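S.K.:
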Amino acid sequence: MDKRQLQELRVRPVSASGNSHRTLMPALSMRLWYAPHIELPGGQLLKGATLVAIRPSEDVLREGGGIEVAGPTGASWILDAFEEPYRTAAQVLLKRRTYKRQLQRALHFGEDMMGCY
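Residues in the sequence shown are numbered consecutively from 15, following my numbering.
1. Return helix, strand or coil for Glu53, following the three-state DSSP convention.
2. What are the start and end residues of the alpha helix (DSSP H) that includes Thr112?
3. What are the boundary residues of the alpha helix (DSSP H) that Arg24 is part of?
4. Taking Ala67 as part of the beta strand (DSSP E), name the residues at either end of that continuous run.
5. What is the rounded straight-line gap between the Cα of Tyr100 and the Cα of Thr112?
6. By Cβ distance, which residues of its chain are closer than 6 Å to Gly65, with the 5 residues on each side in sequence left out?
7. Considering only residues of the same chain and omitting the five flanking positions on each side of Ala205, which have a CB-CB separation below 6 Å?
8. Taking C-alpha atoms, which residue in Glu72, Pro55 and Arg115 lies nearest to Glu98?
9. Going by other Cβ atoms of all chains shown within 10 Å of its Cβ, with 16 needed for buried, is Arg110 buried or exposed?
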């Protein structure tokens, strides 16, 4: 979450009904990239490289695709999270096949962990 989202959550917390044992969360968009190995400049080798990016779905829609946007604009928030050599690994992974999921709003921690579709 970014600073604005944390402030918004403090002012207007998301909560379930009083008698519910569920924790309400915003709808989330999740993307996963995987490569069995990535060779980085300098001869480093990453085995089983995996990148997972999770954002509130409303952010993805507001930005016109977010992760899905082709080119550096859509992925800049992901790349900005890393320093070298992991930024280079993330760039390589972003060019690979993407696996995606939408996570439902209400999650019950302990039983039905994620409602994915």
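Don't be surprised by glycine CBs; every beta carbon is placed ideally from N, CA and C.
Because the structure is a prediction, the values reported are computed rather than measured.
M.R.: On the basis of the coordinates in this document:
1. strand
2. Run containing Thr112: none; DSSP gives neither H nor E here.
3. Lys17 to Val25
4. Leu59 to Pro70
5. 18 Å
6. The residue asked about is misnamed: residue 65 is Leu in this sequence, not Gly. Within the same chain, Leu65 has close Cβ partners Trp47, Ala104 and Leu107.
7. This structure does not reach residue 205, given that the chain is present from 15 up to 131, and the question cannot be answered.
8. Pro55
9. exposed
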